[in-house]
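Enquirer: The structure under discussion is supplied below as structure tokens; questions concerning it will follow.
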Amino acid sequence: MPELPEVEVVRKDLERDVVGKRVKEVDVRLPRIIRRHAAKKEFTSRLIGRKISKVDRRGKYILLSLDSGDVLVMHLGMSGHVERTTGRKALEKHTHAIIKFQVGGELRFVDMRQFGELFVTGGDEIAGVKELQHIAIDPLEDSFTWQHFSESLASRRTKLKALLMDQKFISGLGNIYSDEILWASGLRHDRASDTLSAQEVRRLYRAMQEVLQEGVRFRGVTLEDETYKDLYGKTGEMQDHLKVYGREGQPCRRCRTPIERARWSNRSTYYCPQCQV
DNA sequence: GTTTAACCCTGCACGC
DNA sequence: TGCGTGCAGGGTTAAA
0 MPELPEVEVV RKDLERDVVG KRVKEVDVRL PRIIRRHAAK KEFTSRLIGR KISKVDRRGK
60 YILLSLDSGD VLVMHLGMSG HVERTTGRKA LEKHTHAIIK FQVGGELRFV DMRQFGELFV
120 TGGDEIAGVK ELQHIAIDPL EDSFTWQHFS ESLASRRTKL KALLMDQKFI SGLGNIYSDE
180 ILWASGLRHD RASDTLSAQE VRRLYRAMQE VLQEGVRFRG VTLEDETYKD LYGKTGEMQD
240 HLKVYGREGQ PCRRCRTPIE RARWSNRSTY YCPQCQV
């Protein structure tokens, strides 16, 4: 399930590989994946003939700017990935959209569970786009300071995990990385956000930077039953470095206590009952 | 303001 | 072996 590190890996690959490429043809095979246009024709017509000028990320959204001023917005949902390939390769199952370039192959949007989405919007309208306007500060941004984080935490009264996964609070974290960050900082998922000492806030802040940077360095998490891959079909390696996620019953890597799993609104949370307080 | 449930969809495990 | 049922999984949003 792509979270900030996975999306950042894809963004970086796209930046290196498709900036400067001009779109020749667009093939939408599953129209419902285009969320903001009733007609897929508008989607394709705003892309064809346009050159990709830069690739940004906002939370888990990837923004491909076009030389027309429009922006192609992409979200990988839970099971999506982007494949960079030549047109000759056989289509992978669940390929929902194909963007062909004039020179140099094509991009394929593949998403088994169809929770991902694509749409085009005007660059000047982007601030008002419903999907993007609520996205909070990025934890890897320079402006995300310890002071900023500390004040935001204190202003809320929620369980830590819910807060970390709230895209309106901080952007980019999902189930896996929030569990890993909480383990690394020695804090429980159900700890109230306004009860943290200054030292605990600092630990959480630091863990966030370290875990996310590690995730990017290992090119993301690809679990056994999941489909995340980079642009070239390679799986990530971060799954081999996870400390708690998916390790129910196995000994904590810090204190050997068996890792427990809690259910929280139909989602799993993994934590060490001993060393996370 | 905070918490919970439902929805989106496919693949798979399970029981018969 | 085949079929039907139920459910996991994450992000978002609506409702409580």
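Quick note: the first sequence, position 1, residue 0 per numbering that gives the first Met the number 0, numbers continuous. Think of the CB as a built atom: it goes at the ideal place given N, C-alpha and C, for glycine as much as any other residue.
Comparing alpha-carbon positions, which option in Thr221, Arg45, Glu140 and Ala183 lies nearest Arg201?
Expert: Ala183
Enquirer: By DSSP, does Lys59 sit in helix, in strand, or in coil?
Expert: coil
Enquirer: Starting from Ile180, trace the alpha helix (DSSP H) in both directions and tell me its first and last residue.
Expert: First-last of the alpha helix (DSSP H) with Ile180: Asn174 to Ser184.
Enquirer: Do Leu106 and Val243 come within 8 angstroms of each other at the CB atom, strictly closer than that value?
Expert: no
Enquirer: Write down the C-beta distance between Met77 and Phe114 rounded to the nearest angstrom, noting that I regard them as a contact closer than 8 angstroms.
Expert: 5 angstroms
Enquirer: Check the C-beta distance from Pro138 over to Leu211 and give it rounded, since I have them as a contact under 8 angstroms.
Expert: The C-beta distance from Pro138 to Leu211 rounds to 6 angstroms, short enough to meet the 8 angstroms contact threshold.
Enquirer: According to DSSP, what are the bridge partners of Asp239?
Expert: Within the DSSP bridge table, the entry for Asp239 names no partner.
Enquirer: His80 lies in the beta strand (DSSP E); which residues open and close that run?
Expert: Gly79 to Thr84
Enquirer: Specify, as a first and last residue, the run of the alpha helix (DSSP H) that Glu150 falls within.
Expert: Run containing Glu150: Trp145 to Ala153, per the alpha helix (DSSP H) assignment.
Enquirer: Figure out for me which residue from Val102, Ala191, Ile169 and Ala96 has the closest Cα to the Cα of Arg156.
Expert: Among Val102, Ala191, Ile169 and Ala96, the Cα nearest to that of Arg156 belongs to Ala191.
Enquirer: To the nearest whole angstrom, what separates the beta carbons of Lys160 and Thr268, a pair I think is in contact under 8 angstroms?
Expert: 6 angstroms
Enquirer: Can you check whether the CB of Arg49 is closer than 8 angstroms to the CB of Arg10?
Expert: no
Enquirer: Roughly how many angstroms separate the alpha carbons of Glu213 and Gln238, rounded to a whole number?
Expert: 11 angstroms
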